[in-house]
Structures are given as C-alpha cells and as structure tokens.
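J.:
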Amino acid sequence: IEIGMDVAASEFFKNGTYDLDFKNPKSNPADYLPSEKLAELYLDFIKDFPMVSIEDPFDQDDWAAWASLTARTPIQIVGDDLTV
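In the UniProt record's numbering, the protein residues as written are 1 to 84.
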C-alpha cells in the first residue's frame with residue numbers, strides 16, 4: 001500500500017499561517033502553523049508512512065514553502081491549485 005494525500009492547504013491558509021482546525025469556528029490562532037512547521041509535519045508523515053505523493057501541501061502563493069518541501073523530499077509534490 002502506498003499513500004497519496006490531497007491536502008488542499010489553500011483552504012486553511014489564514015494570514016500567512018495554516019489553521020489545521022479550520023472547521024472549528026473557534027479555532028485558536030495561537031495553534032496555527034507557519035509553513036516551516038507544516039513542512040516538518042509532512043516530512044514526519046513521509047518518514048513514518050509509505051507516502052508517494054502530496055498534492056497542494058501549501059497555499060498556492062506560498063512559493064518558498066513549495067520550493068523548500070520539494071527540495072527536501074524525494075516524493076512527488078503536485079501543484080493542482082497552482083494551475084487553476
């Protein structure tokens with residue numbers, strides 16, 4: 001079994017950070033993750049699970065995060081939201 005994730009991170013990008021509790025109307029901004037921390041979470045998933053692909057891991061305008069993650073992992077990073 002191999003795993004691919006479609007994160008659609010643009011959907012929970014708020015003011016330069018990522019709200020992983022975005023479905024909760026009372027989510028705490030103190031818990032929002034900067035791009036670097038979200039990338040570390042993805043890298044942990046890649047290390048711990050048979051990940052082969054991550055689609056839209058960051059907001060479509062978070063170019064530095066896209067470049068950094070792509071350089072740090074051998075798996076496929078897909079940019080669906082980048083082309084819409």
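Glycine residues also receive a C-beta, built at the ideal position from the N, C-alpha and C atoms. Everything numeric in this text was worked out from a predicted model, so none of it was measured.
#1: So what's phenylalanine 13 in DSSP terms, helix, strand or just coil?
#2: Can alanine 8 and serine 35 be called in contact, C-beta distance under 8 Å?
#3: Under the rule that 16 or more other beta-carbon atoms within 10 Å means buried, what is aspartate 80, buried or exposed?
#4: What's the call for alanine 39, buried or exposed, on a 16-neighbour Cβ count within 10 Å?
#5: Given a threshold of 16 other Cβ atoms within 10 Å of its Cβ, counted over all protein chains shown, does proline 50 qualify as buried or as exposed?
#6: With distances taken Cα to Cα, identify the nearest neighbour of lysine 14 among Asp61, Gln76 and Leu69.
#7: Short of 6 Å in beta carbon distance, which residues of its chain neighbour glutamate 11, apart from the five on each side in sequence? Order them along the chain.
#8: Tell me isoleucine 3's beta-bridge partners as DSSP assigns them.
T.: Reading from the atomic positions:
#1: Position 13 of the sequence shown, counted from the start, is the residue given in the question as residue 13. Under the three-state reduction of DSSP output, phenylalanine 13 falls in the strand class.
#2: Within the sequence shown, residue 8 is the residue found at index 8, counting from 1. Within the sequence shown, residue 35 is the residue found at index 35, counting from 1. For the pair alanine 8 and serine 35, the CB atoms are not nearer than the 8 Å cut-off.
#3: For this step, residue 80 is matched to residue 80 along the sequence shown. Classification for aspartate 80: exposed.
#4: By one-based count along the sequence shown, residue 39 stands at place 39. Under this definition alanine 39 is a buried residue.
#5: Translated into the one-based positions of the sequence shown, residue 50 becomes position 50. By the 10 Å Cβ count, proline 50 comes out exposed.
#6: Numbered from 1 along the sequence shown, position 14 holds the residue referred to as residue 14. Comparing C-alpha distances from lysine 14 to each of Asp61, Gln76 and Leu69 shows the shortest one belongs to Asp61.
#7: Residue mapping note: residue 11 aligns to position 11 of the sequence shown, counting from 1. Short of 6 Å from the beta carbon of glutamate 11, and not among the five residues preceding or following it, lies no beta carbon of its own chain.
#8: On the sequence shown, position 3 is the one that residue 3 refers to. Met51.
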